[in-house]
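Input: a single structure, listed below in structure tokens.
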Amino acid sequence: MNKQGTLAAERRRKTIMSVVLAVICIIYVLPVLTVVINSFKVNTFVKTDTFAVPTGEMWAGFANFIKGMTFGNYPFWNSVKYSVLITVASTALILLFTSMAAWYIARVNSFFCKVIYYLCVFSMVVPFQMVMFTLSKTADSLHLNTPWTIPIVYLGFGAGLAIFMFVGFVKSIPLEIEEAASIDGCGPVRTYFSVVLPMLKPTMISVGILEIMWVWNDYLLPYLVLDINEYRTIPIHIQYLKGSYGTVDLGATMALILLSIIPVIIFYLICQKHIIKGVAAGAVKG
Amino acid sequence: MKKIIALALTLIMVFALAASASAADSGSVYWLNFKPELDEAAQQLASMYTEETGVPVKVVTAASGTYSQTLTSEMDKSSAPTLFVIGNQAGVKEWGEFAMDLTDTPIANELNTDAYNLYDEDGRLVSIGYCFECYGIIVNPDLIEAAGHSMDELVNFEGLKAVAEDIHARADELGFDAFSSSDMDSSSSWRFTGHMANLEYYYEERDAGGWTECPPELTGAYMENFKNLYDLCINNSLTDPADLATGGHDAENEFKTGKAAFFVNGSWEYAAVSEAVPNATMIPYYCGVEGEEKAGLNCGTENCWAINDTVSDADKQATMDFMVWLVTDPEASQIMVDQLGVLPYKQVPESTNGFLAAANEYAANGHYVMDWATNYQPNVDDYRAALVSALNAYNADQSDANWELVKTAFVDGWAVQYQAANG
Amino acid sequence: MRKGIFKNPLRRWFWLFLGPVTAAFTIGFVWPFIQGIYLSFCKFKLIRNATFIGFGNYVSALKDASFMHSFWYTALFALTSLVFINILGFAAAYALTQGIKGSNLYRTVFFMPNLIGGIVLGYIWSMIFDGILSRYGTSILLETKYGFWGLIILMCWQQIGYMMIIYIAGLQAVPEDMLEAAKIDGATKTQTLFKVTIPNVMPSITICTFLSLTNGFKLFDQNLALTGGQPFIIQPDGSTIKTTEMLALNIYNTFYNSNSASKGVAQAKAVLFFILVAGIGLAQLAYTRKREVQQ
Numbered sequence: 001m002n003k004q005g006t007l008a009a010e011r012r013r014k015t016i017m018s019v020v021l022a023v024i025c026i027i028y029v030l031p032v033l034t035v036v037i038n039s040f041k042v043n044t045f046v047k048t049d050t051f052a053v054p055t056g057e058m059w060a061g062f063a064n065f066i067k068g069m070t071f072g073n074y075p076f077w078n079s080v081k082y083s084v085l086i087t088v089a090s091t092a093l094i095l096l097f098t099s100m101a102a103w104y105i106a107r108v109n110s111f112f113c114k115v116i117y118y119l120c121v122f123s124m125v126v127p128f129q130m131v132m133f134t135l136s137k138t139a140d141s142l143h144l145n146t147p148w149t150i151p152i153v154y155l156g157f158g159a160g161l162a163i164f165m166f167v168g169f170v171k172s173i174p175l176e177i178e179e180a181a182s183i184d185g186c187g188p189v190r191t192y193f194s195v196v197l198p199m200l201k202p203t204m205i206s207v208g209i210l211e212i213m214w215v216w217n218d219y220l221l222p223y224l225v226l227d228i229n230e231y232r233t234i235p236i237h238i239q240y241l242k243g244s245y246g247t248v249d250l251g252a253t254m255a256l257i258l259l260s261i262i263p264v265i266i267f268y269l270i271c272q273k274h275i276i277k278g279v280a281a282g283a284v285k286g
Numbered sequence: 001m002k003k004i005i006a007l008a009l010t011l012i013m014v015f016a017l018a019a020s021a022s023a024a025d026s027g028s029v030y031w032l033n034f035k036p037e038l039d040e041a042a043q044q045l046a047s048m049y050t051e052e053t054g055v056p057v058k059v060v061t062a063a064s065g066t067y068s069q070t071l072t073s074e075m076d077k078s079s080a081p082t083l084f085v086i087g088n089q090a091g092v093k094e095w096g097e098f099a100m101d102l103t104d105t106p107i108a109n110e111l112n113t114d115a116y117n118l119y120d121e122d123g124r125l126v127s128i129g130y131c132f133e134c135y136g137i138i139v140n141p142d143l144i145e146a147a148g149h150s151m152d153e154l155v156n157f158e159g160l161k162a163v164a165e166d167i168h169a170r171a172d173e174l175g176f177d178a179f180s181s182s183d184m185d186s187s188s189s190w191r192f193t194g195h196m197a198n199l200e201y202y203y204e205e206r207d208a209g210g211w212t213e214c215p216p217e218l219t220g221a222y223m224e225n226f227k228n229l230y231d232l233c234i235n236n237s238l239t240d241p242a243d244l245a246t247g248g249h250d251a252e253n254e255f256k257t258g259k260a261a262f263f264v265n266g267s268w269e270y271a272a273v274s275e276a277v278p279n280a281t282m283i284p285y286y287c288g289v290e291g292e293e294k295a296g297l298n299c300g301t302e303n304c305w306a307i308n309d310t311v312s313d314a315d316k317q318a319t320m321d322f323m324v325w326l327v328t329d330p331e332a333s334q335i336m337v338d339q340l341g342v343l344p345y346k347q348v349p350e351s352t353n354g355f356l357a358a359a360n361e362y363a364a365n366g367h368y369v370m371d372w373a374t375n376y377q378p379n380v381d382d383y384r385a386a387l388v389s390a391l392n393a394y395n396a397d398q399s400d401a402n403w404e405l406v407k408t409a410f411v412d413g414w415a416v417q418y419q420a421a422n423g
Numbered sequence: 001m002r003k004g005i006f007k008n009p010l011r012r013w014f015w016l017f018l019g020p021v022t023a024a025f026t027i028g029f030v031w032p033f034i035q036g037i038y039l040s041f042c043k044f045k046l047i048r049n050a051t052f053i054g055f056g057n058y059v060s061a062l063k064d065a066s067f068m069h070s071f072w073y074t075a076l077f078a079l080t081s082l083v084f085i086n087i088l089g090f091a092a093a094y095a096l097t098q099g100i101k102g103s104n105l106y107r108t109v110f111f112m113p114n115l116i117g118g119i120v121l122g123y124i125w126s127m128i129f130d131g132i133l134s135r136y137g138t139s140i141l142l143e144t145k146y147g148f149w150g151l152i153i154l155m156c157w158q159q160i161g162y163m164m165i166i167y168i169a170g171l172q173a174v175p176e177d178m179l180e181a182a183k184i185d186g187a188t189k190t191q192t193l194f195k196v197t198i199p200n201v202m203p204s205i206t207i208c209t210f211l212s213l214t215n216g217f218k219l220f221d222q223n224l225a226l227t228g229g230q231p232f233i234i235q236p237d238g239s240t241i242k243t244t245e246m247l248a249l250n251i252y253n254t255f256y257n258s259n260s261a262s263k264g265v266a267q268a269k270a271v272l273f274f275i276l277v278a279g280i281g282l283a284q285l286a287y288t289r290k291r292e293v294q295q
């Protein structure tokens, strides 16, 4: 085979691959498109004409969205509010406290530090079902059952991975920079906030992304811990709509599902680079 | 960074506040309600009461099919429900030890009948009825007439079958069908696994001379009758039986908009249904049992209040006051009556519920009342879930083999769940 | 010791640096874990009236046909999904590292489902499957095989993008000169793939294999939302087996849906589940260690 032929074959191969990938890509988007078209469809047609574009009598306009706002006797915006609050507060809490702890563990390295560190590593392999019953009882007896206090539970149950990743990174930071700060008269607190923290930024982003994805989508922990009549996160609310209260309205449910995935997709498109890097980092280390 | 620290500090403060707030104890009410239909009214009553007296009332409604699950998890919490529901003898067995003895309490003295009360083995009054209800087949008389039939034909299974099959056969021409959809998703399946199943239990119970506690096993003697009515219902409806498993059909709406003449449900639907079909009425579960011309509606209750004995005395007192208020305050008891139908209390207003009126009329004409033997279902959520699964398979393929599975789930499943609950 | 320069001052700040995490970790993990182990040996309705009964709960758990069924079902599911997700994930990663136009767009799209939560995913796919199956007069709730493959499809949709990202990182780390050398030696594309590329991405393959295995075993939300265990097998004696119920859901149902007296059994199941999942984790650790030593 001459070089010309190889190149042509190569180009043909790439074209075929391109086409195949494009087709798969379209198939990949179809489920989301199905949600979109059904969120504008009258409930009774969602089952019978799932894949039809809503026209004529199928077209519900924004009725599903309007109904969805108060569907199931619970304002949808409340669950959005609580989901955002819990995700932001938990992530902030985890980032701040676990990075501090990780620095302490890596630098002091006492017996107690090692105990905590290995317990954290151990906690990463413990499935939630192992502790779900007792954790929800403990959280309840300590009044951690509100969106304002549940971040403490997340800090506790989610500390493992974060500590593990931060310790790994801190160990790779040369000691000299911190020593220099300390010679300049910085106490540990100032050293941490003005010297260590800025260096941790890449890991912070990775850990932050992983925690956001976990907390935002988590169903069982908040369901068991929160007082669910007052506080429902989005996953809890959607599960509740499907499993209760008279007739299930699939159209309205799809409208809410659409509303709940749009912000996620926007967030993803904006922070795509970080998200993909964070996921890769978390997986490789975990 | 300052912002993050500030946020963290705020969180810690909120946490501390939340912890201290619970220390104050002047008595509060936490009502764990198990009737989703009542939720809205219950929330309204709670805020009315708080406004009037300043006593905090929290109402939590368990999603349908999850009451026992919610109760189990709530009871173990530090702020456990003060007012909850023990609806049947199985409940008494499981939760009776946590219920206060209500004998001669103010709320018990307001009752006008002892018929719906539940006692434990030691004779303690653990739970008292707060309303009674009835279920059967809701009928739209206008549609029956429009199809050229008369309500007088609906006096036994043969009559019902003839009318339903005729309507179904001419559905296209008439513009409506016989039965509304009998969805098997969790929002609807209880109408069949809980209610329609009662006809089998009831006749079995009647043969046994009445049940006083959950029988360890069933004979299944009336399974054929259950099949009669069930088959009629799924095969003469708006929806292809194979399509019922995941639900999504709005049976109530089908009935209200005049697309279906029959709707299997209960008296709590009256308020919703009568808006659209003012003369809607209810007929018994006709299923081909000897002498069923004398049948009445299924009347009873699983709405019985119990007070949690493990909460503070102040909370118990507050709960008791709240209960008495619900059945004595003119405005509150009117709301209760509108929502629930008939309340067995001395001071509550007359009911306007047409279905309960039908139940009374049947009873007044000497028809037998089919009591709620369904309340004895052991491990009710598990038992019904198995039955739903078997009915799903049967709906999709109405073979004898699949009906055998329904029978197994219905009859043998009872014994298995009885063992699990009591063994 | 060089470290001593600020090691000592830092130690005095123990309460600030380590305190919050230690406290939360105790509440959120250590205490519930210990209490969970203890309760697995107890009979209880509410925690406060637990009585110690020894290994009885474990015996009941292992004798529970539904638990054993869910174990085998979960194992089968985890292995099947492992094969599909990894092969497809690797294929996607391989295709996207060939310098095809639009690779970034494809990568974006393939990863996207990963951000959607399990409950929401379950309901999206339950609508789609029923939209298809209802035309044939059936439903995903009626046949175990639909439930099984439905969940596999769902998990593939969700996880392929994730594994793809890890494989892309691995593929990009394959030394360029080795690929060049293979080309010069006249190796075909396929030969290069199996002889050079795959051995070089073995670490990624290990990670992804274990990751999808644990994900499969721990699956809960998607299982709950898609089929919730339906359909059931009604056994001749009247007991039921929820055919598509996986381990985590079985434990959950034993805790919260069954008779309240079976909580101890549920906790025992949870401990067994923990041992299983932790065992997979340790196997991964041991395996990676061994490889690191060899290299």
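Residue numbers (the numbering used here), protein chains in the order written: chain X, 1 to 286; chain S, 1 to 423; chain Y, 1 to 295. We put the CB at the ideal spot given by N, CA and C, even for glycine. Keep in mind that this is a model prediction, so the values were computed, not measured.
Next item on the list: Using only alpha-carbon positions, find the residue among Asp-412(S), Tyr-345(S), Tyr-285(S) and Glu-74(S) that is nearest to Asp-329(S).
Entry: Tyr-345(S)
Note to self: Restricting to runs no shorter than 4 residues, where is the alpha helix (DSSP H) found entirely within the region 130-174 of chain Y?
What the structure shows: Contiguous alpha helix (DSSP H) elements confined to the region 130-174 of chain Y occur at 144-172, taking only those with 4 or more residues.
Next item on the list: Compare the C-alpha of Ile-166(Y) against each of Ile-265(X), Thr-6(X) and Val-279(X) and name the closest.
Entry: Val-279(X)
Next item on the list: Indicate the three-state DSSP secondary structure (helix, strand or coil) for Cys-299(S) in the structure shown.
Entry: strand
Note to self: Rounding to the nearest angstrom, what Cα-Cα distance links Ala-24(Y) and Val-348(S) in this structure?
What the structure shows: 52 Å
Note to self: For Tyr-230(S), which residues in the same chain have their Cβ closer than 6 Å to its Cβ, ignoring the five residues on either side in sequence?
What the structure shows: Closer than 6 Å at Cβ, skipping near neighbours: no residue.
Next item on the list: Report buried or exposed for Tyr-245(X), applying the criterion of at least 16 other Cβ atoms within 10 angstroms of its Cβ.
Entry: For Tyr-245(X), the predicted model reports a pLDDT of 47, less than 50, meaning its position is unreliable and no value from the coordinates is stated.
Check: Of all the CB atoms in chain S, is at least one closer than 9 Å to the CB of Ser-136(X)?
Finding: yes
Item checked: Where Ser-399(S) sits in the DSSP three-state scheme -> coil
Next item on the list: Determine, using beta carbons only, whether Thr-227(Y) comes closer than 9 Å to chain X.
Entry: no
Check: So, Ala-197(S) versus Asp-207(S), is the Cβ gap smaller than 9 Å?
Finding: no
Check: Based on Cα-Cα distance, which residue from Ile-124(Y), Leu-211(Y) and Thr-26(Y) lies nearest to Thr-227(Y)?
Finding: Ile-124(Y)
Notebook entry, point to check: What did DSSP end up calling Asn-265(S) once you bin it into helix, strand or coil?
Noted result: Judged by DSSP in its simplified three-state form, Asn-265(S) adopts strand.
Check: Terminal residues of the continuous beta strand (DSSP E) containing Leu-32(S)?
Finding: 29-33
Notebook entry, point to check: Is Phe-255(Y) close to chain X, meaning its C-beta is less than 9 Å from at least one C-beta of that chain?
Noted result: For Phe-255(Y), the answer is yes, since a Cβ of chain X falls inside 9 Å of its Cβ.
Next item on the list: Please confirm whether Ser-68(S) and Val-380(S) have their CB atoms less than 9 Å apart.
Entry: yes
Next item on the list: Given a cut-off of 9 Å, decide if Val-201(Y) and Ile-37(Y) are closer than it, judged by their beta-carbon atoms.
Entry: Not closer than 9 Å, so no.
Item checked: Secondary structure of Lys-288(X), DSSP reduced to three states -> The structure shown does not extend to residue 288(X), since chain X spans only 1 to 286, so no value can be given for it.
Check: Thinking C-alpha only, which one of Asp-183(S), Val-57(S), Pro-36(S) and Val-273(S) is nearest Met-320(S)?
Finding: Closest by alpha carbon: Val-57(S).
Next item on the list: Give the residues of chain Y in contact with Arg-12(X), contact being defined as C-beta atoms less than 8 Å apart.
Entry: The contacting residues do not exist; Arg-12(X) stays about 13 Å from chain Y at best.
Check: Roughly how many whole angstroms lie between the Cα atoms of Ala-60(X) and Pro-54(X)?
Finding: 8 Å
Next item on the list: Take the Cβ of Trp-15(Y) as the centre, count every other Cβ of all protein chains shown within 10 Å, and call the residue buried at 16 or more, exposed below.
Entry: exposed
Next item on the list: Quick one: which unbroken beta strand (DSSP E) runs of 3-plus residues sit fully inside the region 221-252 of chain Y? Chain order, please.
Entry: 232-234 and 240-242
Margin query: Does the region 362-372 of chain S come into contact with the region 283-301 of chain S, if we say contact requires no fewer than three beta-carbon pairs (one atom in each stretch) closer than 8 Å?
Written below: yes
Next item on the list: Could you please give the first and the last residue of the uninterrupted beta strand (DSSP E) stretch that includes Phe-84(S)?
Entry: 83-85
Checklist line | Residues bridged to Gly-136(S) (per DSSP) | finding: Asn-265(S)
Note to self: Could you compute how far the alpha carbon of Val-36(X) sits from the alpha carbon of Thr-50(X)?
What the structure shows: 11 Å
Next item on the list: Assign Gln-191(Y) to buried or exposed, taking buried as 16 or more other Cβ atoms, counted over all protein chains shown, within 10 Å of its Cβ.
Entry: exposed
Margin query: On a Cα-Cα basis, can you pick out the residue from Val-139(S), Tyr-270(S), Asn-109(S) and Val-289(S) that is closest to Glu-158(S)?
Written below: Cα-wise, what sits closest to Glu-158(S) is Val-289(S).
Margin query: Give me the chain X residues within the contact set of Arg-291(Y), using Cβ-Cβ distance strictly less than 7 Å, ordered along the chain.
Written below: Going along chain X, no residue has its Cβ under 7 Å from Arg-291(Y), so there is no contact; the nearest lies around 14 Å.
Check: Is there a Cβ from chain S that is less than 9 Å from the Cβ of Ala-261(Y)?
Finding: yes
Item checked: Residue-level contact to chain Y via CB, Gln-89(S), 9 Å cutoff -> no
Margin query: Below 8 Å on C-beta distance, what does Leu-405(S) contact in chain Y?
Written below: Ile-234
Notebook entry, point to check: Which partner residues does Met-282(S) have in the DSSP bridge list?
Noted result: Ile-138(S)
Notebook entry, point to check: Quick one: Cα of Asn-257(Y) to Cα of Ile-251(Y), how far?
Noted result: Linking Asn-257(Y) to Ile-251(Y) through their CA atoms gives a straight-line distance of about 10 Å.
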